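Undergrad:
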Amino acid sequence: MAQLNRRSALGALLAAGPALALPAFAQMPVPPTGSRIVPLDDDDAVVVALDAWTDMYGRPTASVKLNGQGPFSFLVDTGSTATVMAERVALQLNAQIAGELTVAGATGTAVRPYTIMDTLQTGAVMKDDLRVAILTEAGLARGDGILGADVFAGKRLVFNIREKRVLVEPSMRTARIAPRGNIKLRQGLLAEVEGSVGKVSTKLMLDTGADFCVANMALGEALKRAHPTQERYPNARITGVTGHRIYGEFVMLPKVDVRAFSVRDSGAVIADAPIFKMWELENEPAMIVGVDLLSRLDSFSIDYGARMFDAKLATAADLIARNDTVFG
Numbered sequence: 018m019a020q021l022n023r024r025s026a027l028g029a030l031l032a033a034g035p036a037l038a039l040p041a042f043a044q045m046p047v048p049p050t051g052s053r054i055v056p057l058d059d060d061d062a063v064v065v066a067l068d069a070w071t072d073m074y075g076r077p078t079a080s081v082k083l084n085g086q087g088p089f090s091f092l093v094d095t096g097s098t099a100t101v102m103a104e105r106v107a108l109q110l111n112a113q114i115a116g117e118l119t120v121a122g123a124t125g126t127a128v129r130p131y132t133i134m135d136t137l138q139t140g141a142v143m144k145d146d147l148r149v150a151i152l153t154e155a156g157l158a159r160g161d162g163i164l165g166a167d168v169f170a171g172k173r174l175v176f177n178i179r180e181k182r183v184l185v186e187p188s189m190r191t192a193r194i195a196p197r198g199n200i201k202l203r204q205g206l207l208a209e210v211e212g213s214v215g216k217v218s219t220k221l222m223l224d225t226g227a228d229f230c231v232a233n234m235a236l237g238e239a240l241k242r243a244h245p246t247q248e249r250y251p252n253a254r255i256t257g258v259t260g261h262r263i264y265g266e267f268v269m270l271p272k273v274d275v276r277a278f279s280v281r282d283s284g285a286v287i288a289d290a291p292i293f294k295m296w297e298l299e300n301e302p303a304m305i306v307g308v309d310l311l312s313r314l315d316s317f318s319i320d321y322g323a324r325m326f327d328a329k330l331a332t333a334a335d336l337i338a339r340n341d342t343v344f345g
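If you're matching positions, the sequence shown starts at 18 in my numbering and goes up one per residue.
#1: Of all the beta strand (DSSP E) runs that stay within the bounds of the stretch 235-302, which reach a length of 3 or more residues?
#2: Please list the terminal residues of the continuous alpha helix (DSSP H) segment that includes aspartate 309.
#3: Which first and last residues belong to the alpha helix (DSSP H) in which arginine 349 is found?
#4: Rounded C-beta distance between isoleucine 114 and threonine 132? I'm assuming under 8 Å.
#5: Is the beta carbon of leucine 174 sitting closer than 9 Å to the one on tyrosine 321?
#6: Across which residues does DSSP place glutamate 186 in a beta bridge pair?
#7: Counting pairs of beta carbons, one from the stretch 143-155 and one from the stretch 97-112, are three or more of them closer than 8 Å?
#8: Could you say which of Ser279, Gly265, Asp274 lies nearest to isoleucine 287 if we only look at CA atoms?
#9: Would aspartate 315 and lysine 329 be called neighbours here (beta carbons separated by less than 9 Å)?
#10: Classify alanine 166 as helix, strand or coil using the three-state DSSP reduction.
#11: With distances taken from CA atoms, which of Ser188, Arg105, Pro271, Val128 is nearest aspartate 161?
#12: Spatial neighbours of histidine 14 within its chain, please: CB distance less than 6 Å, with the 5 preceding and 5 following residues excluded, ordered by chain position.
#13: With which residues is arginine 148 paired in a DSSP beta bridge?
#14: Based on the DSSP output, what are the partners of lysine 82 in its beta bridges?
#15: State the Cα-Cα distance for the pair glutamine 204 and tryptophan 296, rounded to the nearest angstrom.
#16: For phenylalanine 317, which of Gln247, Ala79, Thr219, Glu180 has the nearest alpha-carbon?
#17: How long is the line joining the alpha carbons of isoleucine 151 and phenylalanine 267, rounded to whole angstroms?
#18: Are there 16 or more other CB atoms within 10 angstroms of the CB of lysine 241, so buried, or fewer, so exposed?
#19: Could you tell me if asparagine 233 is buried or exposed, where buried requires 16 or more neighbouring beta carbons within 10 angstroms of its beta carbon?
#20: Looking only at its own chain, which residues have a Cβ that is under 6 Å from the Cβ of leucine 221, when we skip the five neighbours before and after it?
#21: Assign proline 77 to buried or exposed, taking buried as 16 or more other Cβ atoms, counted over all protein chains shown, within 10 Å of its Cβ.
#22: Pick helix, strand or coil for threonine 100, following the three-state DSSP scheme.
#23: Suppose you measure from the CA of phenylalanine 91 to the CA of threonine 139; what does that come to, to the nearest Å?
#24: Any idea if arginine 262 is buried or exposed, counting beta-carbon neighbours within 10 angstroms, 16 or more meaning buried?
#25: Going straight from the alpha carbon of alanine 208 to that of alanine 277, what length do you get?
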């Protein structure tokens with residue numbers, strides 16, 4: 018298991034109380050929609066490289082076509098069970114409203130209209146008749162939309178942070194010798210690792226759409242007991258895609274063990290975030306693992322079919338270079 022040690026400056030920043038953007042959200046369960054993989058050749062074991070890059074927050078984005086139009090820039094969000102688009106994109110596509118649904122974000126819920134996209138294509142991955150929620154410009158100020166795990170169900174996502182690429186591969190579940198799974202898929206789509214924060218066993222949700230780590234109240238209380246000398250900073254604010262704001266306490270964390278790697282000198286906001294209740298995780302220690310940790314890696318993968326998470330540690334030189342360019 019790789020271990021990473023890097024000083025975090027977040028404590029000083031958050032003590033002043035800036036907003037933390039947290040795009041992660043989930044949609045209330047809906048019937049599954051049709052999907053297909055359009056192969057590049059006759060080989061069923063096709064590996065698809067998305068036209069992807071990472072933004073200044075370390076979050077992976079991809080080029081997406083909707084009903085053949087675009088391309089649009091969508092955040093690849095493993096913390097979201099569903100896909101959404103910005104209102105301006107819906108207007109550009111002359112999208113027809115098919116109804117309303119409840120979008121549940123980290124900070125609250127909102128009833129939003131949705132449309133049905135005949136096709137959504139990213140790389141060679143094609144989804145048919147996909148239900149897509151429409152969010153306000155305030156909720157999607159830094160992109161055209163969010164690709165949720167509903168687009169990649171059953172596949173393997175490989176995030177190469179150093180090369181700024183996202184690969185979509187067949188699940189290793191189909192391999193002759195499949196690896197033993199080390200993650201659970203909560204609600205069938207959200208990747209959950211049984212890890213630890215210091216001495217506290219913690220359920221860790223892998224979320225490439227979240228800028229920062231967010232811990233629930235149960236983990237906050239457990240850390241007080243297990244690590245009473247932790248540095249804590251009040252009045253950290255989180256603003257979610259639904260426009261709701263919640264306040265919490267920023268805390269310097271002990272070592273975070275995410276099975277495939279571990280991190281020292283990191284931090285998280287402890288908050289009573291509604292998303293934990295939706296995930297049925299409000300009563301046991303849990304934390305959203307955002308890109309402030311994940312972007313410290315050279316690469317990592319989430320295999321939804323084999324239920325496997327793996328990671329490769331970034332070198333010290335890579336981390337220094339990223340700091341120089343305000344990355345990760």
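The beta carbon of each residue, even a glycine, is placed where N, CA and C say it ideally should be.
Just so you know, these numbers come straight off a predicted model, no measurement behind them.
TA: This is what the structure holds:
#1: 249-257, 262-270, 278-281, 283-287
#2: 308-311
#3: Because residue 349 is not part of the residues shown, which for the chain are 18 to 345, the question remains open.
#4: 6 Å
#5: yes
#6: Arg173
#7: yes
#8: Gly265
#9: yes
#10: helix
#11: Arg105
#12: The structure shown has nothing for residue 14, since the chain only spans 18 to 345.
#13: Ile133
#14: Gln138
#15: 8 Å
#16: Glu180
#17: 31 Å
#18: exposed
#19: buried
#20: Val210, Gly212, Val275, Met304, Val306
#21: buried
#22: strand
#23: 9 Å
#24: exposed
#25: 13 Å
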